[in-house]
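Taking our numbering, the leading residue of the sequence shown gets 313, the next gets one more, and so forth.
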Amino acid sequence: DKFVQPYSANELWRGDSVVVGITPNRNTSWEQVGYGDSDHEFGMALLNGITPVLQRLWGMDKGSAKPLVAIKRRGAQITYEAAIPWTQLHPLSPQANLLFGLCFQINDEDGRGRGYMEWGSAMGEAKRPGQFPSVRLVP
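Right under this line is the structure:
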């Protein structure tokens with residue numbers, strides 16, 4: 313395993329990175345391909361092995377509070393942390409029992425083409441927000 317991330321912020325998903333998709337709409341068709349207006353996607357990467365970045369890959373920038381990212385590399389281990397303000401996830405807002413869709417993908421590029429693993433299996437081949445696993449906020 314080797315670290316490869318020579319891409320720009322807009323194409324960070326092509327190298328070693330983590331991508332998170334969020335959809336507020338739990339009524340989206342299972343077969344729908346592509347994001348809707350209220351969906352969001354963020355990517356995190358250590359660009360060129362040095363600069364931590366969190367990039368909005370889909371959705372409108374809503375509000376003045378900006379997402380924060382911390383990416384730490386210790387040898388072959390990389391830890392990704394992100395804080396995305398609720399204002400950036402409009403129309404979602406924090407409330408007990410809120411139900412929304414969440415999918416994440418870990419991209420790995422060792423110089424022979426990108427591979428990936430997903431929780432939700434709904435982003436790698438095509439963006440399918442109707443297939444994102446449901447997440448519920450509990451009080």
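Note that CB positions come from ideal geometry on N, CA and C, so glycine has one too.
Suppose you measure from the CA of Asp313 to the CA of Asp422; what does that come to, to the nearest Å?
Cα-Cα distance, rounded: 6 Å.
Within 8 Å, do at least three Cβ pairs link the region 406 to 419 to the region 375 to 384?
Not touching, per the Cβ criterion.
Would you mind reading off the limits of the beta strand (DSSP E) that contains Val447?
Residues Ser446 to Arg448.
Below 7 Å CB to CB, which residues in the same chain sit around Arg326 once its five sequence neighbours on both sides are set aside?
Once the five neighbours on either side are set aside, the close Cβ partners of Arg326 are Tyr319, Glu421 and Arg426.
In terms of residue numbering, what span does the beta strand (DSSP E) encompassing Asn339 cover?
Note, Asn339: premise wrong, no beta strand (DSSP E); not H, not E.
I'd like the ranges of any beta strand (DSSP E) spanning at least 3 consecutive residues and lying wholly in the region 360 to 386.
363 to 370 and 380 to 386, all fully within the region 360 to 386.
Can you tell me where the beta strand (DSSP E) with Asn419 in it begins and where it stops?
Asn419 -> beta strand (DSSP E) spans Leu411 to Glu421.
Can you grab the Cα-Cα spacing for the pair Gly375 / Ile334, in whole Å?
C-alpha separation (whole angstroms): 17 Å.
Which whole-angstrom value describes the C-beta separation of Gly355 and Val316, a residue pair presumed to lie in contact below a C-beta threshold of 8 Å?
In fact, because the Cβ distance is near 15 Å, the residues do not count as touching under 8 Å.
Can you grab the Cα-Cα spacing for the pair Ala388 / Ser329, in whole Å?
When rounded, the distance between both Cα atoms is 14 Å.
Among the residues of its own chain, which have a CB less than 7 Å from the CB of Phe444, if the five just before and after it don't count?
Result list for Phe444: Gly333, Thr335, Gly413, Leu414, Cys415, Gly432 and Ala434, in chain order.
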